[in-house]
Amino acid sequence: MAVRLEIAWRPELPDSEGEALRRKAREYFGLELNRVRVLRLLMLDVDLSETELEAVRLEVFTNPVTQVSSFSPLARDFDFAVWVGFRPGVRDNAGAVALEAMETFLGRAFPPGAAVYTSKLYLLSGVQLSREQATRVARELLANDLIQEFRIFSREDWDPREGVGLILPRVDLAHQPEVAVFPLLDLQTLRSLSEARHLALRDQDLPIILDYFRRPEVLARRARVGLGPPTDVELEYLAQARSDHCNHNTFRGRFFYRDRVTGEQLVLDNPFQTCIARPTAEIAREKPWVVSVLTDNAGVGAFDEEFCYVIKGETHNSPSNLEAYGGALTGIVGVYRDPLGTGRGAQLIAGIYAYGVGPRDYPGPLKPRLHPRRLLDGVIEGVKDGGNKSGVPTITGALYFDGCYLGKCLVFVGALGLMPRTVAGSPGAQKKARPGDLLFMCGGRVGVDGIHGVTASSEVATPGTPAGHVQIGDPYTQKKMHDFLLEARDRGYIDFITDCGGGGLSSAVGESARLAGGVEVWLDQVPLKYAGLDPWEIWVSESQERMVVALAPEHQEAFRDLARLHEVEVSAIGRFTDTGLIEVKHGGRTCALMDLAFLQEDFPAWEFAAEWVPPEERLSEPVLGEVEDQRQLLLTMLARPNLCSREWITRQYDHEVQGRSVLKPLVGRECPVPGDAAVLRPRLDRHRGLALALALNPAYSRIDTYHMVQVTMDEAVRRLLAVGGDPDHLGGVDNFCWPSVEYHPEKNPDGRFKAAQLVRACLALRDLCRAYGIPLLSGKDSMYVDGVLPGAFGETHRVSGLPTLFFTAVSVIPDLRRVVSLDFKAPGDLIYLLGHTRPELGGSEFYELLGYVGLSVPQVRPGEFLPLYRALFQAILEEVLASCRGLYRGGLAVHLALCSLAAGLGVEVEMGELLPGHPAHAGLYSESAGRFLVSVAARDRTRFEALFQGLPCKLLGEVRPDRSFRVRRHGRLLLEATLDELKEAWTRRFGDLV
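All residue numbers for the sequence shown refer to the UniProt record's numbering, where the first residue is 1 and numbers rise by one.
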């Protein structure tokens, strides 16, 4: 019989979760709650004796020092009680672990159907607190109605004997699994079917699909296995395989580009091949450290003679936009599986993140599903739980606020792994499924969660977007699977491994089948979370924490034994063949039969018209006079949302787990400032290190995406060089996030311009990769960063995100003992500016503060920059620099202040002829690329200046022992502030959240 167990903190102890809710209620909508207490509820849907129940209550679930528990209601003294729990079918991680803990404690396995359902009861007390206010707290702060439900009880209608009752969100599909068939009479039938089932098939693909199922040889082959018209399994599979998310149709498309003013025209055929794969292959031939690029789940580079590093970046925009916590959690644990599924498996050693969201305090009339504040809080928490609970350090990140992301947010996550160069006598980065190998699925079970994830991500978000593709990741299950698979790898069991991500088994098995030459899949052998799933749902479900593995039959028993030792579920669900076919069976009957070649080769390229309007036709430079109050301007700039302290986010992420961090996410003795890059010691017994950095600069897209891409790449590179990265070992990961580029006169009237922006961005990527010698180790494109939002009067608005590139760069640090940080080190050290400063304020933070875009966008000049970069690397090797900081968004004044704040030391600098003929603010806030701010001990001045002879190197001033920050121009005091004033400005906006 099921029972309810309630657990609470002892009354005399504080309730940190309750206090956090009090603060949120005050911050979100000014509601003052006197008191909030939180009870944890466990619905134990398990048949246990009274003795066993009491034992698990006391020994498994209750800390006798800090908690009280009871099978009777504990709620007392409240005005309203809000119960929040998961809807049926949503992954309940805490419940699954609770069930496992009970089995371990009692020493026996429970029968199928046994479950623990967790929920929470929030006890709210406040003066004249109304039901409407309690409902608002529930709806806007506690529950997301996609995955959760809530119930509200007033003090008057509360039954102290029954409490919330017994709430069991069991899944009962009441459905007998079946395979549906669809006679495809004509194109309209197929088009209607695509719309009804949310397949997101394009019109130009429909004739190809129709023709395939009418081919005589296909009909004959299908008849031999009892198949007639196409099945739902096959159509759903086609939709996954042909989705823009999985097949990257936009980046494999054909763009007809035209400059509206000059008439210049070009055809960019297959941007992926032309601008990414081909240049990378050329560069890789000159870089012996490149091991594997653009063919596996992640890129692989040589770290030393024994190990490789593995790197990947992903975006999880659409799910996070609907359910912030679950989407971000699923994103981070999902990208962790990419290194694990690369080669024959890599150990996870780090994670990274970057978010693009609407203004946190957005007050406007548009009504996104989740207010940016709640969305950001959920995303932060999801990535926190994904990393912290997986034992993976989150080492660096970024955040960008802009109203364009109200329509759809951006959630980027990345992972870094470490792989032996040799595994069981062969290269660790190589894998291949062979005919005769068994196909195993490892990890989590399959449910209806995650269905249509890739097709939903291949469309514009609308109020009618189905929510079935939202999932909740499970770091605990994945951590066990991670450790199990690495041990199986080292024992030589694994021939091939990949993760079940977008498209689920259909994508993972299809990928492995191409290497073997065919596969037969047994869907009835796939472990399910609950009965009643149709075969097509099993095939395309994106339920998390799953990997597929190919292994020789002689290893299967040892593989199963090892899995039992690690408490990981594994199942043989198929066998690889050499038939050239994917044959999917359920209950012994074939429900899908398709040619592997058809899925890859027989579809026409998507085509896009791209029309460029040069920025000179759209924009102009503002006419500004000299700034009179430079001090207040700097304080205001430091408080800007996209410049100010993000310590409140960074402090939530564990960056020390595994003990590999050398240069931390926050740097500085006094005021923690984000470092240029994270530096790790992958091998704890060596002094060789890895530096990892990321950058995004979407504001420049308002002017020209060509320069946006190149400045973003250059920033990521300079972040590596600033800490000691090797300019001859620069690997890149490009993640494009773009609005829809398909023109529609009503739905997307500027689609041609967005397509032209994408063309220019791809060309910029190609050009700078070649100039800097950067192979693109991995990457991803996420299109359709658009949303349709309701407005104040019931109308709807299409909101498109700015074209954005997340660029991640990685480099080797030859000697970790020479790593350099940004904070000034000692009074008397000399401060130099490296690189040319130009009047490039277009798209800058300074112009944005004043309400302008401008025209003079920063530009990258490789021929000018590279000699400086090599000199900087040599200076770090020779230990000439005391500190080094790249100059990024915000410009010189902002980053000079941050270096000073981090050290707790003052500065006095002289701008002099920094930008002759221009106002002082142009030199202080220009965002010209290719620049660094360095400090040098006076004794090293001669050596330093010799290294930079003939290069742009300007002495600005010196570090002072006091706490004053002074900037002069031609001797006149231009700006003076104290470090305390700078710190207050920089930490003011989000300081209360730390």
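Using N, Cα and C, we set each Cβ at its ideal position, and we do this for glycine too.
Burial is judged here by how many other beta carbons sit within 10 angstroms of a residue's own beta carbon; residue 687 has fewer than 16 and is exposed. Between residue 421 and residue 308 a beta carbon distance of about 6 Å is seen, short of the 8 Å cut, so the two are scored as contacting.
Taken through DSSP and simplified to helix, strand or coil, residue 233 comes out as helix.
Of all alpha-carbon atoms in 448, 345 and 974, the one lying nearest the alpha-carbon of residue 494 is that of 345. Inter-residue distance for residue 269 and residue 32 is about 59 Å (C-alpha atoms, whole angstroms). Residue pairing by DSSP puts residue 744 in a beta bridge opposite 748. Residue 718 places its beta carbon less than 8 Å from that of residue 886. Separation of the CB atoms of residue 451 and residue 520 is rounded to 23 Å, and the pair is thereby denied contact status at 8 Å. Taking the CA atoms as reference points, residue 938 sits about 24 Å from residue 894. Take the alpha-carbon of residue 217 and the one of residue 594: they are about 12 Å apart. In its chain, beyond the 5 residues on either side, 673, 675, 821, 822, 823 and 902 have a beta carbon closer than 7 Å to the beta carbon of residue 667. Following the DSSP letters along the chain, one finds residue 100 inside the alpha helix (DSSP H) bounded by residues 93 to 106.
Sequence-distant partners of residue 586 (beyond 5 residues in either direction) whose C-beta falls short of 6 Å from its own C-beta, in its chain, are 523, 524 and 535. A distance below 8 Å separates the beta carbons of residue 691 and residue 723.
Taken in chain order, the unbroken stretches of beta strand (DSSP E) that lie wholly in the stretch 289 to 352 and span 3 residues or more are 290 to 292, 299 to 302 and 307 to 315.
A distance of 8 Å or more separates the beta carbons of residue 796 and residue 926. Counting C-beta pairs closer than 8 Å gives three or more between the stretch 592 to 608 and the stretch 221 to 234, which meets the contact rule.
In the displayed model, residue 270 falls within coil according to three-state DSSP, outside both helix and strand.
If the five residues before and after residue 776 are omitted, its C-beta is found closer than 6 Å to the C-beta atoms of 276, 280, 732 and 734, all from its own chain and listed in chain order. When rounded, the separation of the alpha-carbon atoms in residue 932 and residue 834 is 5 Å. Rounded to the nearest whole angstrom, the CA to CA distance from residue 780 to residue 243 is 14 Å. Looking only at 897, 943, 844 and 694, the smallest Cα-Cα distance to residue 671 is reached by 897.
Cβ contact annotation for residue 830 (same chain, cutoff 7 Å, sequence separation greater than five): 935, 936, 938, 941, 955 and 958, in chain order. Boundaries cannot be given for residue 471, as no alpha helix (DSSP H) includes it and DSSP labels it neither H nor E. In this model, residue 787 and residue 950 are separated by some 51 Å (Cα to Cα). The alpha-carbon separation between residue 448 and residue 559 amounts to approximately 28 Å. Across the set 706, 146 and 785, the C-alpha of 785 shows the shortest separation from the C-alpha of residue 404. In the three-state reduction of the DSSP assignment, residue 368 falls in the coil class. Scanning its chain for C-beta atoms nearer than 7 Å, with the 5 sequence neighbours on each side dropped, one finds around residue 879 the residues 818, in chain order.
A Cβ-Cβ contact shorter than 8 Å links residue 669 with residue 904.
Rounded to the nearest angstrom, the Cβ distance from residue 401 to residue 354 is 12 Å, too far for a contact under 8 Å. Residue state for residue 839 is assigned as coil, using DSSP reduced to three classes. C-alpha of residue 846 to C-alpha of residue 725: approximately 30 Å in a straight line. Take residue 143, set aside five residues on each side of it, and the residues of its chain with a beta-carbon closer than 8 Å to its own are 84, 149 and 150, in chain order. At the C-beta level, residue 516 and residue 578 come within 8 Å of one another. Look at residue 479 here: in three-state DSSP terms it is helix.
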